[in-house]
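S.K.:
Number of protein chains: 2
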Amino acid sequence: MTSNFEALFDYVQKLSGKILSAEEKQVFIAHFKPKKLRKRQYFLQEGDICKYTGFIVKGSARTFTVDEKGHEHILKLSVENWWLNDFESFYQLTPSRFNIQALEDMEILQITNALVDEFIKPIPAFSAMQNVISQNYTIAAQKRMQSAISHSGEERFQELVNQYPHFLQRFPQNMIASYLGLSPETLSRIRKNSLK
Amino acid sequence: MTSNFEALFDYVQKLSGKILSAEEKQVFIAHFKPKKLRKRQYFLQEGDICKYTGFIVKGSARTFTVDEKGHEHILKLSVENWWLNDFESFYQLTPSRFNIQALEDMEILQITNALVDEFIKPIPAFSAMQNVISQNYTIAAQKRMQSAISHSGEERFQELVNQYPHFLQRFPQNMIASYLGLSPETLSRIRKNSLK
DNA sequence: TGTATTTAATGACATAAGTCAAGTCGCAGC
DNA sequence: GCTGCGACTTGACTTATGTCATTAAATACA
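Take a look at the structure:
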């Protein structure tokens, strides 16, 4: 049962560059709760407050909105060793504008904001990890934004192929299209043309 | 001369919710260097390493890239009480992919990464401020990204009008267009149509 | 294995946005 | 007070992308 946690420990240690003591690991085990989600099950629904943040041990999920016309727009695709939450709702305890749904059966380790603050943040490796994540995230967000305002759909697709090649195997093409801000038909045509 | 620093002190105190002691203020004054930039002058050029981060006391700037066709794309517009830097280049000391140029005459307070780490980060109010900024930035980046993949040019323009109304007075329309990922002609037509 | 559901491809057409060129306006600098 | 440049608008046209409808293929699952 504890084996679930190895992925989390490895991840924290790798990103922080610090080793977790046996006592610190026990603190993680005491407060993170293992949870399973079935494919299609919702981790969060629009309008709800994101009470938990989850570390993804296995499986994948999408974060998306639904517009007035009923079209879904995927903001984030999440896989193993990423965190699952709506950052804004989780930290500010405000109703979320997003839905988060499992795309495959998932195993996560989840915890509330209050417990993070009280027990987990004081662990130096964890707060160091948070700083690294925050820095990486900022850089990635900037790149994605630059791509969005500067590049065509075809260019954005090529960048995704280069940056996350495994996404193509793992997610249906219509999800990829939505993530890129394209219609499924357009992505289908882009792929057809780029086979030359 | 010290009056320059009041804006910075106010900003740090407001965001962190902590008061700066007289000694801490002296640490800021000792390490941040006032610098003036003339309109059109570059704070950073593509390919250079962003050695400094600057707090904007007065004036404004744009962060942009130039693509193969010679078109400029504005990623960021920065005004008073914002920080001026390329985050990625500044923290990782890698050559920047961006240009940063003054749009008006500017007064900034600048400092190197090394000096921040050694003298400024240890000030509790400053590191608290950094956490708040990082959180706000992440939320803002997520909203902007959602907008980019979900909304039309017209909708993105309306969001900008609501969120940063003063930008319209302050920046030429072609800069706004570039920030929104639109051609100047398209933005001109959007404005014309939305006058109904 | 057969059947239902999801996903992908494609054609025909509509709409959004970009491009190029021309012309106007306003203003900074000589 | 000129002059020239930058900013904005507008029209004509092109290109990219979206929409709708249909069919085919892949997949889930009973």
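Chains as they are written, first to last, in our numbering: chain A, 1140 to 1335; chain B, 1140 to 1335.
For each residue, glycine too, the CB sits at the ideal point set by N, CA and C.
Here the structure is a predicted model, which means the values were calculated and not measured.
If we ignore side chains and look at the alpha-carbon of each, how far apart do Glu-1243 (chain B) and Val-1271 (chain A) end up?
M.R.: As a position in the second sequence, residue 1243 (chain B) is number 104, starting the count at 1. As a position in the first sequence, residue 1271 (chain A) is number 132, starting the count at 1. Between the alpha carbons of Glu-1243 (chain B) and Val-1271 (chain A) lies a distance of about 34 Å.
S.K.: Which residue's Cα is closest to the Cα of Glu-1185 (chain A): A:Asn-1224, A:His-1305, A:Glu-1298 and A:Ile-1247?
M.R.: Here residue 1185 (chain A) refers to the residue found at position 46 when the first sequence is read from its first residue. Cα-wise, what sits closest to Glu-1185 (chain A) is A:Asn-1224.
S.K.: Check for me: the beta strand (DSSP E) holding Asn-1238 (chain A) runs from which residue to which?
M.R.: Mapped onto the first sequence, residue 1238 (chain A) falls at position 99. Residues 1238-1241.
S.K.: Given that Asp-1206 (chain A) touches chain B, what residues does it touch there, using C-beta distances under 9 Å?
M.R.: In the first sequence, residue 1206 (chain A) corresponds to position 67, counting from 1. Those within 9 Å of Asp-1206 (chain A) in chain B are Ser-1289 and His-1290.
S.K.: Going along chain A, which residues have a C-beta under 8 Å from Gly-1320 (chain B)?
M.R.: As a position in the second sequence, residue 1320 (chain B) is number 181, starting the count at 1. The contacting residues are Ala-1287, Ile-1288 and Ser-1289.
S.K.: Look at the alpha carbon of Pro-1234 (chain B) and the alpha carbon of Ser-1289 (chain A), and state the distance between them as a whole number of angstroms.
M.R.: Translated into the one-based positions of the second sequence, residue 1234 (chain B) becomes position 95. Translated into the one-based positions of the first sequence, residue 1289 (chain A) becomes position 150. Roughly 20 Å separates the two Cα atoms.
S.K.: In the region 1215-1236 of chain B, which residues sit with their C-beta less than 7 Å from some C-beta in chain A, listed in chain order?
M.R.: Correct list: Phe-1226, Glu-1227 and Tyr-1230.
S.K.: Is there a Cβ from chain A that is less than 8 Å from the Cβ of Ser-1273 (chain B)?
M.R.: As a working mapping, residue 1273 (chain B) is identified with position 134 in the second sequence. Against chain A, the CB of Ser-1273 (chain B) has a partner CB under 8 Å away; the residue lies at that interface.
S.K.: Could you spell out where the beta strand (DSSP E) holding Gly-1193 (chain A) opens and where it closes?
M.R.: On the first sequence, position 54 is the one that residue 1193 (chain A) refers to. Gly-1193 (chain A) -> beta strand (DSSP E) spans 1191-1197.
S.K.: How big is the Cα-Cα spacing for Phe-1237 (chain A) and His-1212 (chain A)?
M.R.: As a working note, residue 1237 (chain A) is residue 98 in the first sequence. As a working note, residue 1212 (chain A) is residue 73 in the first sequence. The straight-line gap from Cα to Cα measures roughly 10 Å.
S.K.: When DSSP builds the beta bridges, which residues end up paired with Leu-1232 (chain B)?
M.R.: Locating residue 1232 (chain B) in the second sequence gives position 93, counting from the first residue. Leu-1232 (chain B) is not bridged to any residue.
S.K.: Check whether chain B comes within 8 Å of Ala-1280 (chain A), counting only Cβ atoms and requiring the distance to be less than that.
M.R.: For the purposes of this step, residue 1280 (chain A) is identified with residue 141 of the first sequence, where counting begins at 1. Chain B contact via Cβ: present.
S.K.: Please say whether Met-1245 (chain B) and Lys-1190 (chain B) have beta carbons closer to each other than 8 Å?
M.R.: Along the second sequence, one-based indexing puts residue 1190 (chain B) at 51. Along the second sequence, one-based indexing puts residue 1245 (chain B) at 106. Not a contact, by the Cβ cut-off of 8 Å.
S.K.: On a Cα-Cα basis, can you pick out the residue from B:Ala-1267, B:Ser-1333, B:Met-1314 and B:Arg-1330 that is closest to His-1210 (chain B)?
M.R.: Within the second sequence, the letter at position 71 stands for residue 1210 (chain B). His-1210 (chain B) has its Cα closest to that of B:Met-1314, out of B:Ala-1267, B:Ser-1333, B:Met-1314 and B:Arg-1330.
S.K.: Which residue marks the beginning of the alpha helix (DSSP H) containing Tyr-1318 (chain A), and which one marks its end?
M.R.: Position 179 of the first sequence, counted from the first residue, corresponds to residue 1318 (chain A). It spans 1312-1319 - the alpha helix (DSSP H) in which Tyr-1318 (chain A) sits, taken as one unbroken run.
S.K.: Does any C-beta atom of chain A lie closer than 8 Å to the C-beta of Thr-1325 (chain B)?
M.R.: As a working mapping, residue 1325 (chain B) is identified with position 186 in the second sequence. Cβ-Cβ to chain A under 8 Å: no for Thr-1325 (chain B).
S.K.: Using 10 angstroms around the beta-carbon of Ala-1169 (chain A), count the other beta-carbons present and answer buried if the total reaches 16, otherwise exposed.
M.R.: One-based indexing of the first sequence puts residue 1169 (chain A) at position 30. Note on Ala-1169 (chain A): under 16 other CB atoms within 10 angstroms of its CB, so exposed under the neighbour-count rule.
S.K.: Whose CA, out of A:Phe-1148, A:Ser-1317 and A:Gln-1312, lies closest to the CA of Arg-1330 (chain A)?
M.R.: Counting from one through the first sequence, the residue named residue 1330 (chain A) turns up at place 191. Cα-wise, what sits closest to Arg-1330 (chain A) is A:Gln-1312.
S.K.: Examine chain A for any beta-carbon lying closer than 8 Å to the beta-carbon of Thr-1251 (chain B), and answer yes or no.
M.R.: Start at 1 with the first residue of the second sequence, and residue 1251 (chain B) comes out as number 112. No, because no Cβ of chain A sits closer than 8 Å to the Cβ of Thr-1251 (chain B).
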